[in-house]
Amino acid sequence: MSDVVGEKKVVSIEYVLRNAAGEELDRSQPDHPLLFLCGSHNIVPGLEKQLLGKAVGDEVDAVVPPEEGYGPKMKVKDLRFPRSSFPADAKLEKGVQFMTRTEKGPMPLWVKKVQGPTVICTPLHPLAGVELHFHVKILELRDATEEELQHGHAHGPGGHHPHDEEE
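With my numbering applied, the sequence shown covers 14 to 180.
Pasting the structure below:
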């Protein structure tokens with residue numbers, strides 16, 4: 014058993030994400046570190062690549078270019094949906110992500126804005142085109158279970174993530 018980040022390892026990290034100007038974009042919560050299965054595309058590839066070979070207790074400052082993060086900023090056509098096509102209690106504000114189905118399968122969309130009865134969305138991640146600056150501390154590391162490998166993601170302390178119930 015190897016005690017470093019690599020394929021088939023479940024990794025628990027705390028992190029702070031900033032842009033190139035130093036503005037904080039996201040962070041893990043103190044009592045809820047980010048748990049991911051290495052090699053299963055659970056985090057942006059540029060960060061995962063820079064965590065490979067690191068051990069528990071290591072701290073990493075990683076700069077991830079857009080191409081290895083959420084992709085480049087591209088010109089794409091906004092998509093418009095009637096507000097009535099969403100559940101009445103749906104939180105529809107800028108940056109909220111939801112999934113839609115297309116002929117090619119599921120596709121994530123992000124709300125850009127709501128204009129009266131119309132919800133304007135984009136298929137571009139809000140951080141597309143942004144250079145990502147992570148400060149990461151590796152908290153825990155373990156071998157993935159067979160079930161986690163089959164599901165393609167890490168399970169929390171109770172065994173399953175809430176969305177596993179939908180599988």
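Just so it is clear, CB atoms sit at the ideal spot from N, CA and C, and this is done for glycine as well.
Residue range 37-40 is occupied by the beta strand (DSSP E) that includes residue 37. Per the coordinates, the alpha-carbon of residue 130 lies some 27 angstroms from the alpha-carbon of residue 141.
Non-local beta-carbon contacts of residue 59 in its own chain, meaning distances under 6 angstroms to residues more than five positions away in sequence, involve 77, 81 and 82 in chain order. Exclusion of the five residues before and after residue 64 leaves 18, 24, 26, 51, 73, 75, 149 and 151 as the residues of its chain whose Cβ lies within less than 8 angstroms of its Cβ.
CA-to-CA, the gap between residue 100 and residue 28 works out to about 33 angstroms.
Selection 30, 84 and 144 evaluated against residue 40 yields 30 as nearest (Cα-Cα). Between residue 134 and residue 124, the beta carbon gap of about 6 angstroms places them in contact (Cβ cut-off 8 angstroms). Around the Cβ of residue 167, a 10 Å sphere holds 16 or more other Cβ atoms; the residue is buried. Taking the Cβ atoms as the reference, residue 22 lies roughly 7 angstroms from residue 155, within the contact range of under 8 angstroms. Judged by their CB atoms, residue 69 and residue 137 are not nearer to each other than the 7 angstroms cut-off. DSSP places residue 136 outside both helix and strand once states are collapsed to three, so it counts as coil. Contact annotation: residue 105 and residue 127 have beta-carbon atoms nearer than 7 angstroms. Between the alpha carbons of residue 71 and residue 153 lies a gap of roughly 10 angstroms. Within the stretch 98-159, the runs of beta strand (DSSP E) at least 3 residues long that lie entirely inside it are, in chain order, 110-115, 118-128, 131-135 and 145-156. Minimum Cα-Cα distance from residue 35 among the listed residues 169, 161, 165 and 146 corresponds to 146.
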